[in-house]
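By the UniProt record's numbering, the letter at position 482 of the sequence shown is numbered 482, and the numbering carries on one by one without gaps.
Don't be surprised by glycine CBs; every beta carbon is placed ideally from N, CA and C.
Bear in mind the structure is a predicted one, so any value in this text is a computation, not a measurement.
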Amino acid sequence: MAIDKFVNRHIGPRERDLEEMQRVIGVKSLDELIEQTVPSNIRLEKPLNLPNGLTERAYFKQIRKLAAKNKVFNTYIGMGYYDTITPAVIQRNILENPVWYTSYTPYQAEVSQGRLEALLNFQTMVCEMTAMDLANASLLDEATAAAEAMSLMYATRSRGKQKAGANVCFVDENVWPQTLDVLQTRAEPLGIELKVGDFSRDKIEENWFGAIVQYPNLKGEVEDYSNFTSRLHDNDCKISVASDLLALALITPPGEWDADVVFGSAQRFGVPMGYGGPSAAFFALKEDYKRYMPGRIIGVTKDATGKLALRMALQTREQHIKRERATSNICTAQALLATMAGMYAVYHGPEGIRGIADRAHSIGVLLAEEITKLGYKQENANFFDTIRISLPRHVKKEDIEWLSLDLEMNFRYFETGEVGLSIDETTNLEDINWILEVFAKAANKRIPVIDEIPENSIIDKQYGRKSEFLTQDVFNKYRSETEMARYIKRLEKKDISLVHSMISLGSCTMKLNAATEMIPLSWIEFNGIHPFVPKNQAMGYHEMMEELRRDLAEITGFDDISLMPNSGAAGEYTGLMVIREYHKSRGEGHRNVVLIPSSAHGTNPASAVMAGMKVVVVPCDENGNIDVEALRAKAEEHKDNLSAFMVTYPSTHGVFESAIVEMCDIIHKNGGQVYMDGANMNAQVGLTNPKRIGADVCHLNLHKTFAIPHGGGGPGVGPIGVAKHLVEFLPSHPVMNNGHVGLHAVSAAPWGSASVLPITYGYIKMLGADGLTQATKIAILNANYIASLLKDNYGILYTGEKGRVAHEMILECRHLKASAGVTEADIAKRLMDYGFHAPTLSFPVHGTLMVEPTESESKEELDRFVEAMNSIFSEIKEIEEGKADANDNVLKNAPHTAEVLMADDWKHGYSREKAAYALGWLRDNKFWVPVSRVDDAYGDRNLICTCEPLESYMEE
Numbered sequence: 001m002a003i004d005k006f007v008n009r010h011i012g013p014r015e016r017d018l019e020e021m022q023r024v025i026g027v028k029s030l031d032e033l034i035e036q037t038v039p040s041n042i043r044l045e046k047p048l049n050l051p052n053g054l055t056e057r058a059y060f061k062q063i064r065k066l067a068a069k070n071k072v073f074n075t076y077i078g079m080g081y082y083d084t085i086t087p088a089v090i091q092r093n094i095l096e097n098p099v100w101y102t103s104y105t106p107y108q109a110e111v112s113q114g115r116l117e118a119l120l121n122f123q124t125m126v127c128e129m130t131a132m133d134l135a136n137a138s139l140l141d142e143a144t145a146a147a148e149a150m151s152l153m154y155a156t157r158s159r160g161k162q163k164a165g166a167n168v169c170f171v172d173e174n175v176w177p178q179t180l181d182v183l184q185t186r187a188e189p190l191g192i193e194l195k196v197g198d199f200s201r202d203k204i205e206e207n208w209f210g211a212i213v214q215y216p217n218l219k220g221e222v223e224d225y226s227n228f229t230s231r232l233h234d235n236d237c238k239i240s241v242a243s244d245l246l247a248l249a250l251i252t253p254p255g256e257w258d259a260d261v262v263f264g265s266a267q268r269f270g271v272p273m274g275y276g277g278p279s280a281a282f283f284a285l286k287e288d289y290k291r292y293m294p295g296r297i298i299g300v301t302k303d304a305t306g307k308l309a310l311r312m313a314l315q316t317r318e319q320h321i322k323r324e325r326a327t328s329n330i331c332t333a334q335a336l337l338a339t340m341a342g343m344y345a346v347y348h349g350p351e352g353i354r355g356i357a358d359r360a361h362s363i364g365v366l367l368a369e370e371i372t373k374l375g376y377k378q379e380n381a382n383f384f385d386t387i388r389i390s391l392p393r394h395v396k397k398e399d400i401e402w403l404s405l406d407l408e409m410n411f412r413y414f415e416t417g418e419v420g421l422s423i424d425e426t427t428n429l430e431d432i433n434w435i436l437e438v439f440a441k442a443a444n445k446r447i448p449v450i451d452e453i454p455e456n457s458i459i460d461k462q463y464g465r466k467s468e469f470l471t472q473d474v475f476n477k478y479r480s481e482t483e484m485a486r487y488i489k490r491l492e493k494k495d496i497s498l499v500h501s502m503i504s505l506g507s508c509t510m511k512l513n514a515a516t517e518m519i520p521l522s523w524i525e526f527n528g529i530h531p532f533v534p535k536n537q538a539m540g541y542h543e544m545m546e547e548l549r550r551d552l553a554e555i556t557g558f559d560d561i562s563l564m565p566n567s568g569a570a571g572e573y574t575g576l577m578v579i580r581e582y583h584k585s586r587g588e589g590h591r592n593v594v595l596i597p598s599s600a601h602g603t604n605p606a607s608a609v610m611a612g613m614k615v616v617v618v619p620c621d622e623n624g625n626i627d628v629e630a631l632r633a634k635a636e637e638h639k640d641n642l643s644a645f646m647v648t649y650p651s652t653h654g655v656f657e658s659a660i661v662e663m664c665d666i667i668h669k670n671g672g673q674v675y676m677d678g679a680n681m682n683a684q685v686g687l688t689n690p691k692r693i694g695a696d697v698c699h700l701n702l703h704k705t706f707a708i709p710h711g712g713g714g715p716g717v718g719p720i721g722v723a724k725h726l727v728e729f730l731p732s733h734p735v736m737n738n739g740h741v742g743l744h745a746v747s748a749a750p751w752g753s754a755s756v757l758p759i760t761y762g763y764i765k766m767l768g769a770d771g772l773t774q775a776t777k778i779a780i781l782n783a784n785y786i787a788s789l790l791k792d793n794y795g796i797l798y799t800g801e802k803g804r805v806a807h808e809m810i811l812e813c814r815h816l817k818a819s820a821g822v823t824e825a826d827i828a829k830r831l832m833d834y835g836f837h838a839p840t841l842s843f844p845v846h847g848t849l850m851v852e853p854t855e856s857e858s859k860e861e862l863d864r865f866v867e868a869m870n871s872i873f874s875e876i877k878e879i880e881e882g883k884a885d886a887n888d889n890v891l892k893n894a895p896h897t898a899e900v901l902m903a904d905d906w907k908h909g910y911s912r913e914k915a916a917y918a919l920g921w922l923r924d925n926k927f928w929v930p931v932s933r934v935d936d937a938y939g940d941r942n943l944i945c946t947c948e949p950l951e952s953y954m955e956e
């Protein structure tokens, strides 16, 4: 192959390595391995019908041409999306820094302290701005956060409300339309009724359990909800408030008028609009409801030495662990974007945030005054940044529209005829004069000229914020770029990422996120566009997305793709809702039973419950495969109500099950649809596909198979592919025509997290048909290579009929607890001393480690990992043989920090050398773990989830 082919950079093993790796595995060729691994009855008969892979240089030219077709206008549409200025120090050192964007979800706290602190900053910022007790580490977007708020209020109904069957959620008519649409999607399958109305007029009914309002609202008004809140509470109802973090710098935060939940988008805190995403939603609540909090919470604890440490708090409450008892299917966050938003608050501090808010408001006041002088009428008397203007009779909306577009500006046009302007951080003096030029010309008046922006406010005193915010040291310390960059670097050094070493997490696919794929994310032509602009301003986006949909359809075998779901779990939910709508269209809406293997990801049953379905678990046999006869029996038992079968392929146990086609046939014969969880799609691409296997719908984790980075726990993207009979049910959008007319929306933006789609687009275009297939083959090769080298010491729990694993494997560790008292957690912590992030811990089988090397890892790195694992096994043998103390040994005390190793008092029965440098190559590239083993139980007993009490906590 040519040396400039991208596939040679993406794939780790060199051609010269293959022969040795095949020898270790026991095959003569890569094709022989694939024949022994992938069942012949599901193999594709033809190669992928995709173009050849582009070189990186050729792709760069192509994506540049697409970017040039996007027009970046000054946009004043608002509605939850606002232009913002990302501080360059944050863009360069976080967004564009692979240490931040290639790290994994911080389940292993000891090697995630930097990200955990950044997310703790975000949570603190949200609590401060909203005046609420507790915030999580972000959700997907504002609309789905609204749905989580609705579900939380429903789940926490009082006994009286439950007994009365209260199932109505009031939604004020002035919430964002995309929020209302997502609420409609999520409410119906849960048996929740929405009552849309006017909060100031509607009478609170006995069957209400909660209400949702927007603050400031759709019309730009800052309303007083305090009396409404009191009346709701008097009637045993809760209130959730969609709010704007920047506005809360000037107006009374909802926590101060006793709101129960506050949510919204942190996008305007330095995260580009990106044609709709990704950006971090925030979610805050009263402490009373902390155990119902969706998503992740970062909390404070201590490590084994008593030192302050951070971790994910209340982890046992995460929805994918609750499975069918879940009240949410969320299992991810927008960690990278939350980190950026938190750092924006660190960078600006309270005075900077207040100054930005004051300026946006002052410009709005100025424009309202000047436009009124031109003969227009201002319709909203009390606003933050959005003014609503009625047109005089002689001025037509079309005049405003073409004049504004001629000056490359986008205004908002209300259905009732008014024109809206939402001011943001980027609006300047030149912009003000352009806006006034439009209104003056349309009214045939002399164009006013403004040469300064006076400070002005029309916010009524009753709405004005009086409390301080962001008083913590971290938000008042780093003002120079030098200090800010050093702070970010200090946090960065506390984290392991793909920059440091292989992250061998099974089922998580931590592959290369190539720099060429990532670079376009920083271009304003992709990140500076509002999702509701006219489509002719985003032609590059739409050309790219249409190509991407066609390519993904070819890869999956399906007829159409929806790009809207903005996480894997959101894709699961969307796929099940599409199936639900299909059954309803056939007069079979009663079909509500979903068969799910016991080995499935926990989000599968959680998503099924959120889609209003009943979960029936199908057992696995002693070989880890789905019990086909049990599946048949349950399908026949529930044939009158069977909706779907959710199956991951290859299985969650890392095996290509040979009976998969038979299983799909069983479901179809009993009236159900097959939903394939695409978590392991990276073992299918080019070799088989969901449609070939027999699936009707499949979600794709673009952050796994298709190279979008994990970003420390998000962004994720989860589009779904569907067979022809399901296309008509794909989700639509209330504001923009996204090409589908089925479900109500499943995310706030019409095309989901559009600005990260160029990553997957580039991945496919540069690998091409042959490269994509080769990547799959090498992923399987790498996994079987590791399995062959570790099976004698640890044992491989499950293999296929011919003794092969797919792209991942489960290492058996349970016998080590009996022989040496060593758990899988001990091995995971000791691996940190060797500079590796732990494999997946105790999933899908308790007491095991799940390893996935990916195709991007070189033979040298695989050998290094194997050497570390075998070295640890030798350390375990020392315990078994009595050479090492059963309690005082390198595994039980791992990980070892530099502080511990350098302490004068060393009382362990092993040397510092053994603890720190068990293998020689560690001296050349040692990752120093910042904290010792964290105390999870202590953190849950003493829940502290903001920065504020840290000093007093440390004193205790």
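Could you spell out the range, first to last residue, of the alpha helix (DSSP H) harbouring I579? Residue numbering aside, residue 579 sits at position 579 when the sequence shown is read from its first letter. Residue range G568 to S585 is occupied by the alpha helix (DSSP H) that includes I579.
Within the continuous alpha helix (DSSP H) that includes E824, where are the two ends? Residue 824 sits at position 824 when you count from the first residue of the sequence shown. Start and end: E824 to D833.
Does R16 pass the burial test, meaning 16 or more other C-beta atoms within 10 Å, or should it be called exposed? As a position in the sequence shown, residue 16 is number 16, starting the count at 1. It counts as exposed.
Let me confirm a value: I423 is counted as buried when at least 16 other C-beta atoms fall within 10 Å, else exposed. Which label applies? Taking the sequence shown and counting its residues from 1, the one referred to as residue 423 is at position 423. Looking at its Cβ environment, which holds 16 or more other Cβ atoms inside 10 Å, I423 is buried.
Distance, H699 Cα to Y344 Cα: Taking the first residue of the sequence shown as 1, we reach residue 344 at position 344. Taking the first residue of the sequence shown as 1, we reach residue 699 at position 699. C-alpha separation (whole angstroms): 33 Å.
For the stretch 572-581 against the stretch 703-721, are there 3 or more C-beta pairs whose distance is under 8 Å? yes
6 Å Cβ shell around K238 - same chain, five flanking residues per side excluded: For the purposes of this step, residue 238 is taken as the residue at position 238 of the sequence shown. Cβ within range, chain order: M153, G210 and D260.
Through-space distance from E256 to N380, alpha-carbon basis: As a first step, residue 380 is located in the sequence shown; it is residue number 380 there, counting from the start. As a first step, residue 256 is located in the sequence shown; it is residue number 256 there, counting from the start. Their backbone Cα atoms lie some 24 Å apart in a straight line.
In whole angstroms, what separates the C-alpha of T316 from that of L337? Reading the sequence shown from its first residue, position 316 is the one you call residue 316. Reading the sequence shown from its first residue, position 337 is the one you call residue 337. Low per-residue confidence applies at T316: pLDDT is 44, beneath 50, and the placement is therefore not dependable, though the value from the model is reported in the following sentence. Roughly 25 Å between the two C-alpha positions.
On the premise that P597 lies in contact with V533, defined as a C-beta separation below 8 Å, what is that separation, rounded to the nearest angstrom? The residue you call residue 533 lines up with position 533 of the sequence shown. The residue you call residue 597 lines up with position 597 of the sequence shown. About 44 Å separates the two Cβ atoms, so there is no contact after all.
Spatial distance of M273 from N74 (CA atoms): Here residue 273 refers to the residue found at position 273 of the sequence shown. Here residue 74 refers to the residue found at position 74 of the sequence shown. Whole-angstrom Cα-Cα distance: 12 Å.
Between I876 and E812, what straight-line distance do the alpha-carbon atoms span, to the nearest angstrom? By 1-based counting over the sequence shown, the position of residue 876 is 876. By 1-based counting over the sequence shown, the position of residue 812 is 812. About 14 Å.
How many angstroms separate the CA atom of G375 from the CA atom of N382? Residue mapping note: residue 375 aligns to position 375 of the sequence shown, counting from 1. Residue mapping note: residue 382 aligns to position 382 of the sequence shown, counting from 1. Their Cα atoms are separated by approximately 20 Å.
Between the alpha carbons of Q36 and I693, how many angstroms are there, rounded? Translated into positions along the sequence shown, residue 36 becomes position 36. Translated into positions along the sequence shown, residue 693 becomes position 693. The straight-line gap from Cα to Cα measures roughly 17 Å.
Simplified DSSP assignment, three categories, for T316: Taking the sequence shown and counting its residues from 1, one reaches residue 316 at position 316. Caution is warranted here: a pLDDT of 44 is assigned to T316, below 50, making its placement in the model unreliable, and the coordinate value is therefore given only provisionally. Of the three classes helix, strand and coil, the one that applies to T316 here is helix, per DSSP.
Express the C-alpha separation of V222 and L366 in angstroms, rounding to a whole number. Within the sequence shown, the letter at position 366 stands for residue 366. Within the sequence shown, the letter at position 222 stands for residue 222. Straight-line Cα distance between these residues: approximately 18 Å.
According to DSSP, simplified to helix, strand and coil, what is E401? The residue labelled residue 401 in the question sits at position 401 within the sequence shown. E401 falls in the helix class under three-state DSSP.
Can the beta-carbon of F6 be found less than 8 Å from the beta-carbon of L767? Residue numbering aside, residue 6 sits at position 6 when the sequence shown is read from its first letter. Residue numbering aside, residue 767 sits at position 767 when the sequence shown is read from its first letter. It is a contact, given that the beta carbons lie within the stated cut-off.
How about L595 and A635: do their beta carbons lie closer than 8 Å? By 1-based counting over the sequence shown, the position of residue 595 is 595. By 1-based counting over the sequence shown, the position of residue 635 is 635. A contact, by the Cβ cut-off of 8 Å.
Exposed unless 16 or more other CB atoms sit within 10 angstroms - verdict on K302: By one-based count along the sequence shown, residue 302 stands at place 302. So K302 counts as buried.
Using a Cβ-Cβ distance under 8 Å, would E370 count as near chain D? Absent here is chain D; the protein component of the structure consists of one chain.
In chain order, which beta strand (DSSP E) runs of at least 3 residues are fully inside the UniProt domain "Glycine dehydrogenase C-terminal" (775-896)? 809-812 and 848-851
Run through DSSP, which three-state label would A386 get? Numbered from its first residue, the sequence shown carries residue 386 at position 386. In the sequence as presented, Ala is not what sits at residue 386; that position holds Thr. In this structure, T386 counts as strand in the three-state DSSP scheme.
With H, G and I counted as helix, E and B as strand and the rest as coil, what does DSSP make of N738? By 1-based counting over the sequence shown, the position of residue 738 is 738. The answer is coil: DSSP assigns N738 none of H, G, I, E or B.
Please return the same chain residues whose Cβ sits closer than 6 Å to the Cβ of V262, not counting the five positions on each side in sequence. What you label residue 262 is simply residue 262 of the sequence shown in a count that begins at 1. Excluding residues within five positions, the ones whose Cβ falls inside 6 Å are T130, M132, V241, S243, P254 and A284.
Pick helix, strand or coil for K61, following the three-state DSSP scheme. In the sequence shown, residue 61 corresponds to position 61, counting from 1. Three-state result, K61: helix.
Give the C-beta separation of E808 and S507 to the nearest angstrom, bearing in mind that I take them to be a contact with Cβ-Cβ under 8 Å. As a working mapping, residue 808 is identified with position 808 in the sequence shown. As a working mapping, residue 507 is identified with position 507 in the sequence shown. That belief holds up - the Cβ atoms of E808 and S507 are roughly 7 Å apart, short of 8 Å.
Quick check on L919: buried or exposed, where buried means 16 or more other Cβ atoms within 10 Å of its Cβ? Reading the sequence shown from its first residue, position 919 is the one you call residue 919. Under this definition L919 is an exposed residue.
CA-CA distance, F282 and L391? The residue given as residue 282 occupies position 282 in the sequence shown. The residue given as residue 391 occupies position 391 in the sequence shown. Roughly 36 Å between the two C-alpha positions.
Assuming the contact rule is C-beta atoms closer than 8 Å, N174 and Q214 should be a hit. Round their C-beta distance to whole Å, please. Working through the sequence shown from its first residue, we reach residue 174 at position 174. Working through the sequence shown from its first residue, we reach residue 214 at position 214. About 6 Å separates the beta carbon of N174 from that of Q214, a gap short enough to meet the 8 Å contact definition.
8 Å contact criterion, which A600 and R580 should meet: CB distance rounded: Stepping through the sequence shown from its first residue, residue 600 is reached at position 600. Stepping through the sequence shown from its first residue, residue 580 is reached at position 580. Actually they are not in contact, since the Cβ atoms of A600 and R580 sit about 19 Å apart, beyond 8 Å.
Would you tell me roughly how many angstroms separate the C-alpha atoms of G821 and S874, rounded to the nearest one? In the sequence shown, the residue the question calls residue 821 occupies position 821. In the sequence shown, the residue the question calls residue 874 occupies position 874. Going from the Cα of G821 to the Cα of S874 covers about 14 Å.
Own chain, CB closer than 6 Å to E408, minus 5 neighbours either side, in chain order: Here the question's residue 408 lines up with position 408 in the sequence shown. The residues are F73.
Who are G299's beta bridge partners in DSSP? One-based indexing of the sequence shown puts residue 299 at position 299. DSSP, once it has assigned bridges, lists R311 as partnering G299.
Between N476 and R923, what straight-line distance do the alpha-carbon atoms span, to the nearest angstrom? One-based indexing of the sequence shown puts residue 476 at position 476. One-based indexing of the sequence shown puts residue 923 at position 923. Each residue's Cα considered, the two are about 38 Å apart.
Which partner residues of L194 appear in the DSSP bridge assignment? For the purposes of this step, residue 194 is taken as the residue at position 194 of the sequence shown. Note: L194 sits in a beta bridge opposite C169.
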